[in-house]
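Undergrad: Mind looking over this structure? Questions follow.
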Ligand SMILES: Cc1cc2nc3c(=O)[nH]c(=O)nc-3n(C[C@H](O)[C@H](O)[C@H](O)COP(=O)(O)O)c2cc1C
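In my numbering, the protein residues as written are 11 to 199.
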């Protein structure tokens, strides 16, 4: 798949079919992530690819975040229907058979925010590669609400949780979320 096509066709998928994607496809997705740039070439990340019981255990932890996100959504005026959709998605991550979790090294040295940016480059590479493989994904920071528990589960308490993504064959084409006309300035042309 052409890169521009992958960029424009990638969507956040929130409903998946139960079939397991081929292991080779998942390995290519992860490899694409690992080829992301990183600040000072620290490659400051770890990836966990979870299926079966490991996936279920992580999803159970993400479930714990529902009690935290509901009051936030209520306070910020998220419509009731959208709240229900969020809760339903958190409950089983849309039934995705695989979840990928990305952790990055802690801040605290000269690399600072670069670790987050490096991990984000890795995430986006994986999402685009998933699209090229015909797989759906959904970048989720929601797990950060239960970051401590997730890091303990992953055995990465010395790191920070960047994001997770469910990954699998999509069961429903999500609507295209229109992009807003943000300022783009071309200077010196
Ligand atoms: C940093 C980040 C965090 C996100 N966290 C969540 C999340 O926790 N749950 C979720 O359903 N979607 C999450 N998303 C997906 C966005 O909602 C989605 O990208 C946006 O609505 C645009 O839709 P699209 O990805 O289909 O183009 C996140 C995306 C990013 C980049």
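Virtual Cβ for every residue (Gly too), placed ideally from N, Cα, C.
Nothing here was measured: the structure is a model prediction, and the numbers come from that model.
Less than 6 angstroms separating the Cβ of residue 149 from some heavy atom of ligand 1?
TA: True, at least one ligand heavy atom lies under 6 angstroms from that Cβ.
Undergrad: Cβ of residue 215 versus every heavy atom of ligand 1: is any distance shorter than 6 angstroms?
TA: In this structure the chain extends from 11 to 199, so residue 215 is not present and cannot be described.
Undergrad: Looking at the unbroken alpha helix (DSSP H) that takes in residue 94, where does it start and where does it end?
TA: It spans 90-102 - the alpha helix (DSSP H) in which residue 94 sits, taken as one unbroken run.
Undergrad: Could you give the first and the last residue of the continuous alpha helix (DSSP H) run that contains residue 64?
TA: Its alpha helix (DSSP H) spans residues 62-73.
Undergrad: Would residue 137 and residue 55 qualify as a contact pair, given that the criterion is a beta-carbon distance under 7 angstroms?
TA: No. Outside cutoff.
Undergrad: Which stretch, first to last residue, makes up the beta strand (DSSP E) that contains residue 114?
TA: Per DSSP, residue 114 belongs to the beta strand (DSSP E) from 108-115.
Undergrad: Within 10 Å of its beta-carbon, does residue 18 have 16 or more other beta-carbons around it, so buried, or fewer, so exposed?
TA: Exposed, since its Cβ has fewer than 16 Cβ neighbours within 10 Å.
Undergrad: Between the Cα of residue 16 and the Cα atoms of 70, 134, 187, 25, which residue gives the shortest distance?
TA: Selected option, being the one with the closest Cα: 134.
Undergrad: From residue 203 to residue 198, what does the alpha carbon distance come to, in whole angstroms?
TA: This structure gives no information on residue 203, because the portion of the chain shown stretches from 11 to 199.
Undergrad: Closest to residue 139 by C-alpha separation, out of 107, 46, 30, 185, would be which residue?
TA: Among 107, 46, 30, 185, the Cα nearest to that of residue 139 belongs to 46.
Undergrad: Are the CB atoms of residue 153 and residue 26 within a distance shorter than 7 angstroms?
TA: No, they are not a contact pair.
Undergrad: Can you look up residue 180 in the DSSP assignment and give me helix, strand or coil?
TA: Strand at residue 180.
Undergrad: Going by DSSP, which residues form a beta bridge with residue 49?
TA: Looking at the DSSP assignment, residue 49 forms no beta bridge with any residue, so it has no partner.
Undergrad: By alpha-carbon positions, which one of 52, 165, 110 ends up nearest to residue 150?
TA: That would be 110, whose Cα lies nearest to the Cα of residue 150.
Undergrad: Sort out for me which residues DSSP pairs residue 186 with in a bridge.
TA: According to DSSP, residue 186 bridges with nothing at all.
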